[in-house]
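> The structure is given below, and queries will be raised subsequently.
Protein chains: 2
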Amino acid sequence: MSVYEGPIQDLIEELGRLPGVGPKSAQRLAFHLLQVDIADAERLADAIRAIKQKVQFCRRCFNVSELEECRICRDARRDPTVLCVVEEPRDVLAIEKTAEFRGRYHVLGGAISPIDGVGPDQLRVRELVGRIGAEDIAEVVLATNPNIEGEATASYLSKLLKSMELRVSRIASGLPVGGDLEYADEITLGRAFAGRRAL
Amino acid sequence: MSVYEGPIQDLIEELGRLPGVGPKSAQRLAFHLLQVDIADAERLADAIRAIKQKVQFCRRCFNVSELEECRICRDARRDPTVLCVVEEPRDVLAIEKTAEFRGRYHVLGGAISPIDGVGPDQLRVRELVGRIGAEDIAEVVLATNPNIEGEATASYLSKLLKSMELRVSRIASGLPVGGDLEYADEITLGRAFAGRRAL
Chain E
1 MSVYEGPIQD LIEELGRLPG VGPKSAQRLA FHLLQVDIAD AERLADAIRA
51 IKQKVQFCRR CFNVSELEEC RICRDARRDP TVLCVVEEPR DVLAIEKTAE
101 FRGRYHVLGG AISPIDGVGP DQLRVRELVG RIGAEDIAEV VLATNPNIEG
151 EATASYLSKL LKSMELRVSR IASGLPVGGD LEYADEITLG RAFAGRRAL
Chain H
1 MSVYEGPIQD LIEELGRLPG VGPKSAQRLA FHLLQVDIAD AERLADAIRA
51 IKQKVQFCRR CFNVSELEEC RICRDARRDP TVLCVVEEPR DVLAIEKTAE
101 FRGRYHVLGG AISPIDGVGP DQLRVRELVG RIGAEDIAEV VLATNPNIEG
151 EATASYLSKL LKSMELRVSR IASGLPVGGD LEYADEITLG RAFAGRRAL
């Protein structure tokens, strides 16, 4: 049952479609928007429109971009011989924040997941192989997520790239910095042991 | 540091202004909107605009409304002699869902909170007193929240309305249905005892 009239109910429903926004949050957000200045609400509506109208995907690495090539691919200071393979554009941001990687990216657009009908053909694997042939790549860092799908994707790609003349590496799994050994799960702790480094 | 270009960063910032949406959620929502159909994103943007353009507050009870008077005030089947006083329009929905109340509402627009500079003059208390004089009200149910501000508001209103010829009641506090005695806080359990009813 809904006692809200048209526009409020419409907004609650639209907000409720967003990931992680349940009916209660949608209601709270709608009432918040009802109370903010009209200019603030307009800015949000405009920003939603703008993202659909102005943002495209980089033709080289498939990161999000306003131009045909993204900011990272256009940056001449980045090492063009090292490629970091990630699942989604948001992973690019996460890695950029570390300031540890100075090469370029390749965004797959997901990870291998047979249960969701996603195999290598649904990802930008062909484009990756094409870039390796065309761009004189010396190293590929597989930075897919350390979960089942991400590991499957990394394992598939490492086999696929084995025959090519390049180094293939995988980002390390282990205990998160600041974490407690006591609270780590067995798999993470196991990985931390398996990947131990000599000091 | 941000590696996102204009529109994505703008949208992340606008979404991050919403209550309960932190930087990570804002980013997740922005990337979600980047991936949905353009029609879905447009519908959300339109819904945000519409709520600001079409929704007003009922001139009688200050609930949200598309017309000058809200659906509840216009409904001839509702008992016009009983008023339920609430803090916000969303409280109206919560009470309507119970189907326990068949009178009309009065939305105060908040609760007394000296620390936030909100006193009776910042709420629609004068309008409430005006309605009691003009509308032949027999009972007022104080349904402000059972927290410090809501209790202070209920206590203020009950004193204010004491001299008038009407019944003033307060919604009951006690254990929530389905709750465990063991996990109830002392104040709630205390209220449940104080408000016990003969069987």
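Sequence order for the protein chains is E and H.
In terms of our numbering, the first sequence opens at residue 1 and continues consecutively.
In terms of our numbering, the second sequence opens at residue 1 and continues consecutively.
Ideal Cβ positions, reconstructed from N, Cα and C, are used throughout, including at glycine.
(1) Just by C-beta distance, which residues in the region 26–37 of chain E are closer than 8 Å to chain H?
(2) Taking the alpha carbon of E/S169 as the reference point, which residue from E/V129, E/A154 and E/I51 has its own alpha carbon closest?
(3) For H/A172, which residues in the same chain have their Cβ closer than 6 Å to its Cβ, ignoring the five residues on either side in sequence?
(4) Using a Cβ cut-off of 7 Å (strictly closer), state whether E/D10 contacts chain H.
(5) Can you name the residues of chain E whose CB is closer than 8 Å to the CB of H/R49?
(6) Any heavy atom of the ligand NAD inside 6 Å of the beta-carbon of E/E88?
(7) How far does the beta strand (DSSP E) with E/R104 in it reach, from first residue to last?
(8) So, using beta-carbon positions, are E/L175 and E/A198 closer together than 7 Å?
(9) Could you confirm whether any beta carbon from chain H is found closer than 7 Å to the beta carbon of E/P80?
(10) I need the DSSP call for H/R71, collapsed to helix, strand or coil.
(11) Helix, strand or coil: how does DSSP classify H/M1 here?
(12) Determine the chain H residues that contact E/V55 at a beta-carbon separation under 7 Å, and present them in chain order.
(13) E/R90 versus chain H: which residues are under 8 Å apart at the beta carbon?
(14) Could you name the residues of the same chain whose beta carbon sits closer than 8 Å to that of E/I112, not counting the 5 residues immediately before and after it, in chain order?
(15) What does E/P176 touch in chain A if you count any residue whose Cβ is under 7 Å from its own?
(16) Considering only their Cβ atoms, is the gap separating H/D10 from E/A39 smaller than 7 Å?
(17) Take every Cβ of the region 90–101 of chain E, pair it with every Cβ of the region 176–192 of chain E, and state whether three or more of those distances are shorter than 8 Å.
(18) With DSSP collapsed to three states, give me the class of E/L166.
(19) Can you tell me whether E/G181 is buried or exposed? The criterion is at least 16 other CB atoms within 10 Å of its CB, across all chains shown.
(20) Leaving aside the five residues before and after E/Q56 along the sequence, list all residues of the same chain whose C-beta is less than 7 Å from its C-beta, in chain order.
(21) Kindly identify the DSSP beta-bridge partner or partners of E/L83.
(22) For the alpha helix (DSSP H) holding E/L11, just list the boundary residues, first then last.
(23) According to DSSP, what are the bridge partners of H/F57?
(24) Just to confirm my understanding: we take E/I12, look at its own chain, exclude 5 residues before and 5 after, and list those with CB closer than 6 Å. What are they?
(25) Using three-state DSSP, classify H/S155 as helix, strand or coil.
(26) Specify, as a first and last residue, the run of the alpha helix (DSSP H) that H/P114 falls within.
(27) Quick one, which residues of the region 66–79 of chain E are near chain H if we go by CB-CB under 9 Å, in chain order?
(28) Can you list, in chain order, the residues of its chain with a C-beta nearer than 8 Å to that of H/G166? Leave out the 5 residues immediately preceding and following it.
(29) Can you find a C-beta in chain E that's less than 7 Å from the C-beta of H/K52?
So, from the listed chains and residues:
(1) Cβ contacts with chain H come from Q27, R28, L29, A30, F31, H32, L33 and L34.
(2) For E/S169, the nearest C-alpha among the options comes from E/A154.
(3) Its chain contains G195 as the residues whose beta carbon lies nearer than 6 Å to that of H/A172, once the 5 sequence neighbours on both sides are disregarded; these appear in chain order.
(4) With 7 Å as the cut-off, E/D10 counts as an interface residue toward chain H.
(5) Under the 8 Å cutoff, chain E gives A41, E42 and A45.
(6) The ligand NAD is not part of the structure shown, which contains no ligands of any sort.
(7) Counting along the chain, the beta strand (DSSP E) containing E/R104 begins and ends at R104 to V107.
(8) The criterion of a C-beta distance shorter than 7 Å is not satisfied by E/L175 and E/A198.
(9) Not an interface residue.
(10) The answer is helix: DSSP assigns H/R71 an H, G or I state.
(11) Residue placement at H/M1 is poorly supported in this model, since its pLDDT is 41, which falls under 50; the coordinates still yield a value, given next. Three-state result, H/M1: coil.
(12) Simply P7, I8 and L34.
(13) Chain order gives the chain H residues near E/R90 as Q27, R28 and F31, where near means a beta carbon separation below 8 Å.
(14) If the five residues before and after E/I112 are omitted, its C-beta is found closer than 8 Å to the C-beta atoms of V118, G119, P120, L123, E149, A152, T153 and Y156, all from its own chain and listed in chain order.
(15) The chain inventory of the structure shown lacks chain A, comprising the protein chains E and H.
(16) The Cβ atoms of E/A39 and H/D10 do not sit closer than 7 Å to each other.
(17) No: fewer than three Cβ pairs fall under 8 Å.
(18) In the structure shown, E/L166 sits in coil (DSSP, three-state: anything other than H, G, I, E or B).
(19) Per the sequence presented here, residue 181 of chain E reads as Leu, with Gly not at that position. Per the 10 Å Cβ criterion, exposed.
(20) Once the five neighbours on either side are set aside, the close Cβ partners of E/Q56 are S65.
(21) Partner(s): E/R104 and E/V140.
(22) According to the DSSP assignment, E/L11 belongs to the alpha helix (DSSP H) that extends over G6 to G16.
(23) In the DSSP output, where bridge partners are listed per residue, H/F57 has H/V64.
(24) Exclusion of the five residues before and after E/I12 leaves A26, Q27 and A30 as the residues of its chain whose Cβ lies within less than 6 Å of its Cβ.
(25) Three-state DSSP puts H/S155 in a helix.
(26) No alpha helix (DSSP H) holds H/P114; DSSP gives it neither H nor E.
(27) So the close ones are E66, L67, C70, R71 and I72.
(28) Checking the sequence shown, residue 166 of chain H turns out to be Leu, not Gly. I132, I137, A138, E139 and V140, listed in sequence order.
(29) The beta-carbon of H/K52 is placed less than 7 Å from the nearest beta-carbon of chain E.
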